[in-house]
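Residue numbers (this note's numbering): 22 to 609.
For glycine and all other residues, C-beta sits at the position ideal for the given N, C-alpha and C.
The structure appears right after this line, and notes come after that.
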Amino acid sequence: MTTPMEKFIKEMEDFLCPSKVYVMDGSDEEAKKLTKEAQAMQVDGRIVLKELNQKEYPNSYYHRSNPNDVARTEHLTFVCSPTKEQAGPNNNWLDPKEAKTKMDALFKGSMKGRTMFVIPFLMGAPKSPYSKNCVQITDSIYVALSMRIMTRVGKQAIEKIGDSDDFFRGIHSIGDINPGRRYIMHFPQDNMVMSFGSGYGGNALLGKKCYSLRIGSYLGYQEGWLAEHMIIIGVESHDGKITYFLGAFPSACGKTNLALLEPVFKGYKVWTLGDDIAWLNIGQDGKLYAINPEAGFFGVAPGTADKTNPVMMRTLKNNKFFPTLFTNTAIDNSDNTPWWEGLSDKKPKDLTDWQGEKFDESKGSPAAHPNSRFTVSIYNCPTLSKEYDNPQGVPISGIIFGGRRKDTIPLVYECKDWDSGVFAASIIGSETTAAASGAQGAVRRDPMAMLPFCGYNMGDYFQHWLDMGKKLKVQPKIFMVNWFRKDENGTFMWPGFRDNSRVIKWMIDRINGKSAAKDSEIGLFPDENGLDLTGLNISPETMQKLLTVNKSEWQKEIPSIEEFYAKFGEKIPKELTKLLQTLKQKMR
Ligand code: GTP
Ligand code: SPV
Ligand code: MN
Numbered sequence: 022m023t024t025p026m027e028k029f030i031k032e033m034e035d036f037l038c039p040s041k042v043y044v045m046d047g048s049d050e051e052a053k054k055l056t057k058e059a060q061a062m063q064v065d066g067r068i069v070l071k072e073l074n075q076k077e078y079p080n081s082y083y084h085r086s087n088p089n090d091v092a093r094t095e096h097l098t099f100v101c102s103p104t105k106e107q108a109g110p111n112n113n114w115l116d117p118k119e120a121k122t123k124m125d126a127l128f129k130g131s132m133k134g135r136t137m138f139v140i141p142f143l144m145g146a147p148k149s150p151y152s153k154n155c156v157q158i159t160d161s162i163y164v165a166l167s168m169r170i171m172t173r174v175g176k177q178a179i180e181k182i183g184d185s186d187d188f189f190r191g192i193h194s195i196g197d198i199n200p201g202r203r204y205i206m207h208f209p210q211d212n213m214v215m216s217f218g219s220g221y222g223g224n225a226l227l228g229k230k231c232y233s234l235r236i237g238s239y240l241g242y243q244e245g246w247l248a249e250h251m252i253i254i255g256v257e258s259h260d261g262k263i264t265y266f267l268g269a270f271p272s273a274c275g276k277t278n279l280a281l282l283e284p285v286f287k288g289y290k291v292w293t294l295g296d297d298i299a300w301l302n303i304g305q306d307g308k309l310y311a312i313n314p315e316a317g318f319f320g321v322a323p324g325t326a327d328k329t330n331p332v333m334m335r336t337l338k339n340n341k342f343f344p345t346l347f348t349n350t351a352i353d354n355s356d357n358t359p360w361w362e363g364l365s366d367k368k369p370k371d372l373t374d375w376q377g378e379k380f381d382e383s384k385g386s387p388a389a390h391p392n393s394r395f396t397v398s399i400y401n402c403p404t405l406s407k408e409y410d411n412p413q414g415v416p417i418s419g420i421i422f423g424g425r426r427k428d429t430i431p432l433v434y435e436c437k438d439w440d441s442g443v444f445a446a447s448i449i450g451s452e453t454t455a456a457a458s459g460a461q462g463a464v465r466r467d468p469m470a471m472l473p474f475c476g477y478n479m480g481d482y483f484q485h486w487l488d489m490g491k492k493l494k495v496q497p498k499i500f501m502v503n504w505f506r507k508d509e510n511g512t513f514m515w516p517g518f519r520d521n522s523r524v525i526k527w528m529i530d531r532i533n534g535k536s537a538a539k540d541s542e543i544g545l546f547p548d549e550n551g552l553d554l555t556g557l558n559i560s561p562e563t564m565q566k567l568l569t570v571n572k573s574e575w576q577k578e579i580p581s582i583e584e585f586y587a588k589f590g591e592k593i594p595k596e597l598t599k600l601l602q603t604l605k606q607k608m609r
């Protein structure tokens, strides 16, 4: 008897017409074999992988993509629910039938002369009641290798899927890497995604944003859980106690850095559980539990350095798990190592830029693409929490929300209760970054850092957040932060990175009822002695600016929030509309 998975593979083979079908087993030998093949193979006119300096960066390989394919393409991403209202104004929508016809035309025979990789994978630990079964089809060897790093690929997934029909179907082809023939189509009701024409992370590694967030959020709405764009960390304090936090920040706004934070305080340590995606469930004890469905980091390279993120530098040079990939960074030709802006104070003399040209400083553009990334296993991370594989996940005490804002939003404040936290997260604004194609630095509303990732109507999503709060017996505290405030000269006012541990320390004190707080129009601020600034050279005036409510800035903010809410009409929960009215009155 053929299993549903075998049937799916056969159907795909008949439809896509590859010259070969290869089912991944997830073994080390397989990874070695594919890495070797990729070094001898040209796709889209480029060698897929090049070996990097194995002494400096063991097991590391370099990939250069088509310059038209370097970031997520939100305008080409669709959520095809039965009705437009279900997808909501936060998503592009197409009628599912129409979308399938369109995609079938692109996919039909698209793998002629290519290998069709079948990737059985799990999101979440095999024994977790919250993990999910998935199968992705792809014709990209780079995607196949990346999936092995980012998810649990192979035997364990095949075994878990067995003869069940309950698995996510991800169908991917790079096609001819033509933005005019590029679509990322989600079919939440069918537990399926069809992605054509891109090999870039969030567009092509379908377990990541497509399944774990867009389809996942829809499943969570149906089944009573949350799929979030969040890191998970356990912060050990001087007393040896570990406090678990979630942290949501929009793309390229500091999640990975916070997830691998090395605190400035002796006796404090951050244990890493996840840097991008968290699935949140209510445990039997009524507490909020988080698992990381992923198994690797797909991190922003620029800005990563020993000074800013020493733990990530160690992760990248660790040789436990094979392979590690660098995509669209520059190359230092003196020693064949990857290089990006921020890695060293001095630029190496002989650089090849991300497009393969000799780097020419006078052109004024960076050597590494601003969204150049590394793909590395979470098992290479020296601060990996021993709870990472815990099937139940970890119990959460605090949720941190942030954005990238040069003004308006203070360094930190605490929300008074769950509902005001949900409100504060629903009005987050953030400057757009290189993680998505399009304008950069424009403030847009990005509720819960989920605007590009919520697979259903965001009004319903807000209600789901409020409902989850009602079901929790113990509600985590909710904090808002902004590491990115700038002064009149455009310089960051807060040092950020490792010094963010000062803010986290205050949060732990608040959770344990050990630190007082000052009330304000938006929430609770640290009092004069709240933040431990020992050893930090920052003026009281700067701290004062970082920790106050600037009413005139907030007044400018409110119309854009009202405009955003208005798009959702009646779908915005009454509680939130009321809280917006109250905020408006307070800022008068
Ligand atoms: P995605 O992978 O796109 O979801 O991004 P992310 O949220 O994980 O962002 P990441 O930690 O990779 O940081 C993005 C950029 O912001 C990098 O260039 C970092 O160096 C920079 N960054 C991170 N934290 C801070 C901070 O505290 N202060 C400042 N000024 N920059 C930061
Ligand atoms: C993001 O853009 O938020 C990322 C990278 O984490 S991607 O996988 O492309 O979504
Ligand atoms: Mn992300």
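Determine the contact status of I253 and D65, defining contact as a CB-CB distance below 7 Å.
In this structure, D65 does not lie closer than 7 Å to I253 by Cβ.
How is N521 classed by DSSP in three states: helix, strand or coil?
Of the three classes helix, strand and coil, the one that applies to N521 here is helix, per DSSP.
Examine the Cβ distances between the stretch 519-532 and the stretch 461-478 and report whether three or more of them are shorter than 8 Å.
No, they do not touch.
Quick one: is the Cβ of K276 within less than 6 Å of any heavy atom of the ligand GTP?
yes
Among all the DSSP beta bridges, which residues are the ones paired with V443?
Looking at the DSSP assignment, V443 forms no beta bridge with any residue, so it has no partner.
Which residue wins for smallest C-alpha separation from N401, given the options R85, E32, M171, K384?
The residue with the shortest Cα to Cα distance from N401 is M171.
Give a yes or no on contact between the stretch 180-198 and the stretch 53-62, applying the rule of three or more CB pairs nearer than 8 Å.
As far as the Cβ criterion goes, the stretch 180-198 does not touch the stretch 53-62, which means the pair count is below three.
Taking the alpha-carbon positions, what's the P209 to N111 distance?
15 Å
With H, G and I counted as helix, E and B as strand and the rest as coil, what does DSSP make of H250?
Annotated three-state conformation of H250 is coil, per DSSP.
Could you give the first and the last residue of the continuous beta strand (DSSP E) run that contains F208?
First-last of the beta strand (DSSP E) with F208: 204-208.
What alpha helix (DSSP H) runs, 4 residues minimum, are completely inside the stretch 528-571?
561-567
Please list, following the chain, all residues that have a C-beta closer than 6 Å to any non-hydrogen atom of the ligand MN.
H250, S272, D297
From V415 to Q107, what distance separates their C-alpha atoms?
Near 32 Å, if we compare the C-alpha coordinates of Q107 and V415.
Do R169 and A52 have their CB atoms nearer than 7 Å?
yes
Return yes when the Cβ of S541 is within less than 7 Å of the Cβ of V495, no when it is not.
no
Find the nearest neighbour of P150 within the set K76, P79, L301, S365, judged by alpha-carbon distance.
L301
Chain B beta carbons: is any one of them nearer than 7 Å to that of P150?
No chain B appears in this structure, which consists of one protein chain only.
Between the alpha carbons of A389 and E435, how many angstroms are there, rounded?
37 Å
Just the Cα atoms here: how many angstroms apart are N550 and Y310?
32 Å
Take the Cβ of F347 as the centre, count every other Cβ of all protein chains shown within 10 Å, and call the residue buried at 16 or more, exposed below.
buried
Could you tell me the distance, in whole angstroms, from the CA atom of T23 to the CA atom of K181?
16 Å
Under 8 Å, with one C-beta from each stretch per pair, do the stretch 473-493 and the stretch 396-413 reach the 3-pair mark?
no
Near E382, what residues of its chain come up, given a Cβ to Cβ distance below 6 Å and the 5 sequence neighbours on each side ignored?
none
I need the straight-line Cα distance from E574 to K492, nearest angstrom please.
Approximately 36 Å, taken between the alpha carbons.
Would F505 and L597 qualify as a contact pair, given that the criterion is a beta-carbon distance under 7 Å?
no
Taking only the alpha-carbon atoms, compute the straight-line gap between P284 and I263 and give it to the nearest angstrom.
14 Å
For E591, is the classification buried or exposed, using 16 other Cβ atoms within 10 angstroms of its Cβ as the cut-off for buried?
exposed
Report yes or no: do the stretch 558-568 and the stretch 416-436 share at least 3 C-beta pairs separated by less than 8 Å?
Touching, yes.
Measure from the alpha carbon of I179 to the alpha carbon of each residue in C155, I192, I162, H193, then state which is nearest.
That would be C155, whose Cα lies nearest to the Cα of I179.
DSSP beta-bridge partners for H193?
S216
Just how far apart, CA to CA, sit F585 and K607?
20 Å
Is it buried or exposed for R519, if we count other Cβ within 10 angstroms and need 16 for buried?
R519 comes out buried.
What residue range is occupied by the uninterrupted alpha helix (DSSP H) comprising N224?
222-225
Below 6 Å, is the gap between the Cβ of F395 and the nearest heavy atom of the ligand GTP?
no
Take W114 as the anchor and find which of R85, A126, K129, E95 has the nearest alpha-carbon.
E95
Look at Y82 and P344 and say whether their C-beta atoms are less than 7 Å apart.
Using a Cβ distance threshold of 7 Å, Y82 and P344 count as a contacting pair.
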